[in-house]
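One line per chain: the protein sequences are A and B, in this order.
Residue numbers for the first sequence follow numbering that gives the first Met the number 0, so the first one is 0 and each next one is one higher.
Residue numbers for the second sequence follow numbering that gives the first Met the number 0, so the first one is 0 and each next one is one higher.
Note that the Cβ used here is the ideal one computed from N, Cα and C, for glycine as well.
Keep in mind that this is a model prediction, so the values were computed, not measured.
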Amino acid sequence: MYERFSLSELNGEVKKVLSANFTAPVWVIGEISEINVHSNGHCYLTLIEKGESEDRIVAQARATIWSYTFRMLRPYFETITGQQLTDGIKVLLQVSVEFHELYGFSLNVRNIDPTYTLGDQARKRQEIIRRLTDEGVLTMNKELELPLVPQKIAVISSPSAAGYGDFMEQLNNNPQGFRFYTQLFPAVMQGNQAEQSIMDALDRIYPYEDFFDLVVIIRGGGSQVDLSCFDNYNVAYHVTQFPLPVLTGIGHDKDDSIVDLVAHTRLKTPTAVAEFILDGVAAFEERIDLLEQEAMELVETRFEDERESLEQLTREMSMLVRNMLGNRKNELMQLTWKFRQDTMLSLQKREHNLGKKLQKVGFLVNHYLFVRYQKIAGAQYLLDVSIPRSMVVMKQRLNDYIEKFGQLSQRQLEKEKHWMAIAAQKGEMSDPRNILKKGYSITTYRGKLVKELSVLKNDEMIATRFYIGSILSKITEINKSDKNDN
Amino acid sequence: MTTKKGLTYKEAITEIEEILQQIENDEPDVDQLSEKVKRLSSLVSWCREKLHNTEEEIEKILKEIEKN
Numbered sequence: 000m001y002e003r004f005s006l007s008e009l010n011g012e013v014k015k016v017l018s019a020n021f022t023a024p025v026w027v028i029g030e031i032s033e034i035n036v037h038s039n040g041h042c043y044l045t046l047i048e049k050g051e052s053e054d055r056i057v058a059q060a061r062a063t064i065w066s067y068t069f070r071m072l073r074p075y076f077e078t079i080t081g082q083q084l085t086d087g088i089k090v091l092l093q094v095s096v097e098f099h100e101l102y103g104f105s106l107n108v109r110n111i112d113p114t115y116t117l118g119d120q121a122r123k124r125q126e127i128i129r130r131l132t133d134e135g136v137l138t139m140n141k142e143l144e145l146p147l148v149p150q151k152i153a154v155i156s157s158p159s160a161a162g163y164g165d166f167m168e169q170l171n172n173n174p175q176g177f178r179f180y181t182q183l184f185p186a187v188m189q190g191n192q193a194e195q196s197i198m199d200a201l202d203r204i205y206p207y208e209d210f211f212d213l214v215v216i217i218r219g220g221g222s223q224v225d226l227s228c229f230d231n232y233n234v235a236y237h238v239t240q241f242p243l244p245v246l247t248g249i250g251h252d253k254d255d256s257i258v259d260l261v262a263h264t265r266l267k268t269p270t271a272v273a274e275f276i277l278d279g280v281a282a283f284e285e286r287i288d289l290l291e292q293e294a295m296e297l298v299e300t301r302f303e304d305e306r307e308s309l310e311q312l313t314r315e316m317s318m319l320v321r322n323m324l325g326n327r328k329n330e331l332m333q334l335t336w337k338f339r340q341d342t343m344l345s346l347q348k349r350e351h352n353l354g355k356k357l358q359k360v361g362f363l364v365n366h367y368l369f370v371r372y373q374k375i376a377g378a379q380y381l382l383d384v385s386i387p388r389s390m391v392v393m394k395q396r397l398n399d400y401i402e403k404f405g406q407l408s409q410r411q412l413e414k415e416k417h418w419m420a421i422a423a424q425k426g427e428m429s430d431p432r433n434i435l436k437k438g439y440s441i442t443t444y445r446g447k448l449v450k451e452l453s454v455l456k457n458d459e460m461i462a463t464r465f466y467i468g469s470i471l472s473k474i475t476e477i478n479k480s481d482k483n484d485n
Numbered sequence: 000m001t002t003k004k005g006l007t008y009k010e011a012i013t014e015i016e017e018i019l020q021q022i023e024n025d026e027p028d029v030d031q032l033s034e035k036v037k038r039l040s041s042l043v044s045w046c047r048e049k050l051h052n053t054e055e056e057i058e059k060i061l062k063e064i065e066k067n
């Protein structure tokens, strides 16, 4: 016959044995696989232990941190480790082993040693780093060439993060006025979903690999804790394999995360990332400015040299020309001298010829003049001898004429005188007084002689003059006929 | 002088440096020199333009990416 227990008796015995053997709290290492903070402030955990291969759980236990303890332990742990008390991390806990008849086995957490977690993280990091190194991918992203001018930027960030705003502000309000093209690929940047979310964002950028110049992973502002997603192998591996350079600005002061380590360039804050990009672009512009300036100076020097050699040539040229001109001048002077000599010779010859000709002409002229002279002398003789002689003859004749004329005139005068006397006699006869004496009368009308009757009218007065006396008569009848004379 | 399409900053600066090198070595004669300098200036201007001014093409692509 064997002893029988009720369940409560059995649980009670187990509890007794456990209490007897675990009189004081013990330190235990476990990985948090689940953690829940109840509204009453108590924290309920599931602790596990994994086997060598990491994918098999070899032990599991429930644990509780009562609210009073949890309120102290949590800040303590997070301050020292820089990360949240969350699932997936290994912790060293001081626990009392408890067994409750109804709820069974559980651990009551009294204390926590954050240095263990720190060490474990470091070890894990080292493991990941070693793995990435072994796979030959650790520095792959660093080996990518950073574009000269990164203007097209894919940003992985939480859209609401202050760090994202800082980054955009810094980049777009740059004083040099550089133009940037950014595209946000939103991701959750902390907590359990962060790992997958960041990898998804990288996958969304991947198709535009040719378009973007680089990828920026930024975080910042708000909680500075929980960077475990950046110490993650998968995220780190993704970054190393990414075909574009990845810049990080995750915003923490502690050791670099693995993502920082494998990223092309690690910067502390999003603002620093923006500055880094701006510096690169500014450096490029400075470089082209310098190159241009250098080129311009070189060209200026070159032109200066050209100008100088041209001036040198000009100087040489003008020397040459001067020499040539000098030679020509000499030649010309010689020619001139020769010409003058020749001309003089020729002139002398011509002069000689001319002299001969003049001699000949002179002879001819003299001869002609002599002939003329002879003729003139002849004429002179005529004037001096012949003319005065004929003048005497002419004078004689003229005197004869005058004498003859005088005689003739006397005779003529007498003839004329006789004729004049006869004419005087005749004139006396025709005097009107002599006619009136004979009985004729003269009739006048208004002082004018009346020779015809047409000027007279009846009752007009006419005057009639006689040899002695005159009368005035009035016309009573005019008879124009010649027949009624009397 | 037109700059060929699809030129990159790297190609531009490489050509600029090449031209500068040629000038330093007195390679181009005076006539070629002014052509070279023109080319260099146009490359530098192209870079400056691209650094400071918005390219419609890129804006368009960005909008496409945002839609997806």
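Asked: Identity of the residue in A:VAL272, A:ASP458 and A:ALA462 nearest TYR444 (chain A) by Cα; Found: A:ALA462
Asked: Unbroken stretches of the beta strand (DSSP E), 3 residues or longer, contained in the stretch 146 to 234 of chain A; Found: 151 to 156, 180 to 185 and 213 to 217
Asked: Residue-chain proximity (LYS9 (chain B), chain A), Cβ-Cβ < 9 Å; Found: yes
Asked: Same chain, Cβ closer than 7 Å to PRO158 (chain A), neighbours up to 5 away in sequence not counted; Found: LEU183 and PRO185
Asked: Residue environment, THR78 (chain A), which counts as buried when at least 16 other CB atoms sit within 10 Å; Found: exposed
Asked: Beta-carbon gap between PHE76 (chain A) and VAL90 (chain A) smaller than 9 Å; Found: yes
Asked: Chain B within 9 Å of GLY176 (chain A), Cβ atoms only; Found: yes
Asked: Chain A contact for GLU54 (chain B) (CB, 9 Å cutoff); Found: yes
Asked: Residues that DSSP places opposite ILE18 (chain B) in a beta bridge; Found: In the DSSP output, where bridge partners are listed per residue, ILE18 (chain B) has none listed.
Asked: Rounded straight-line distance, which links the Cα of LEU84 (chain A) to that of ASN111 (chain B); Found: Any property of residue 111 (chain B) remains undetermined from this structure, which presents chain B solely from 0 to 67.
Asked: LEU226 (chain A) versus LEU266 (chain A) - alpha carbon distance; Found: 15 Å
Asked: Cβ shell of PHE98 (chain A) (< 6 Å), same chain only, five flanking positions each side left out; Found: VAL13, LYS14, LEU17 and PHE104
Asked: Buried versus exposed, by CB contacts within 10 Å (16 or more), PRO387 (chain A); Found: exposed
Asked: Segment limits, alpha helix (DSSP H) that includes HIS351 (chain A); Found: 269 to 380
Asked: Inter-residue Cα distance where the pair is GLN311 (chain A) and ASN329 (chain A); Found: 27 Å
Asked: Through-space distance from GLY405 (chain A) to ASP413 (chain A), alpha-carbon basis; Found: Reading the sequence as shown, one finds Glu at residue 413 (chain A) and not Asp. C-alpha separation (whole angstroms): 13 Å.
Asked: Contact list for LYS151 (chain A) against chain B, beta-carbon separation under 9 Å; Found: ILE57, ILE60 and LEU61
Asked: Any C-beta of chain A under 9 Å from that of GLU23 (chain B); Found: yes
Asked: Cβ contact check for the stretch 135 to 153 of chain A and the stretch 236 to 252 of chain A: 3 or more pairs under 8 Å; Found: yes
Asked: Integer-rounded CB distance, given that VAL94 (chain A) should sit under 8 Å from VAL108 (chain A); Found: 5 Å
Asked: Distance CB(PHE177 (chain A))-CB(VAL215 (chain A)) smaller than 9 Å; Found: no
Asked: Within-9 Å CB hit, LYS49 (chain B) to chain A; Found: yes
Asked: Selection of the stretch 267 to 293 of chain A by Cβ proximity to chain B, strictly under 9 Å; Found: VAL280, PHE283, GLU284, ARG286, ILE287, ASP288, LEU290, GLU291 and GLU293
Asked: For GLN409 (chain A) and THR442 (chain A), the rounded distance between their alpha carbons; Found: 48 Å
Asked: Buried or exposed (CB count within 10 angstroms, at least 16 for buried), PRO206 (chain A); Found: exposed
Asked: Validate contact between the stretch 7 to 16 of chain B and the stretch 39 to 52 of chain B using beta carbons, cut 8 Å, 3 pairs; Found: yes
Asked: Straight-line gap, GLN223 (chain A) to ASP230 (chain A) (C-alpha atoms, nearest Å); Found: Since pLDDT at GLN223 (chain A) reaches only 49, below the 50 mark, its modelled position is unreliable, and no value is offered.
Asked: Host beta strand (DSSP E) of TRP65 (chain A) (start-end); Found: Taken as a continuous stretch (DSSP letters only), TRP65 (chain A) belongs to no beta strand (DSSP E), as it is neither H nor E.
Asked: Enclosing alpha helix (DSSP H) for VAL36 (chain B) [first to last residue]; Found: 29 to 51
Asked: Assigned exposure category for GLY81 (chain A) - 16 Cβ within 10 Å defines buried; Found: buried
Asked: Simplified DSSP state of ILE477 (chain A), which is helix, strand or coil; Found: coil
Asked: Nearest-angstrom Cα separation, counted from ASP399 (chain A) out to LYS436 (chain A); Found: 56 Å
Asked: Rounded separation between GLY162 (chain A) and ALA235 (chain A) - CA only; Found: 21 Å
Asked: Check whether LYS141 (chain A) and ALA281 (chain A) have beta carbons under 9 Å apart; Found: no
Asked: ALA153 (chain A) versus ASP86 (chain A): straight-line alpha-carbon distance, rounded; Found: 31 Å
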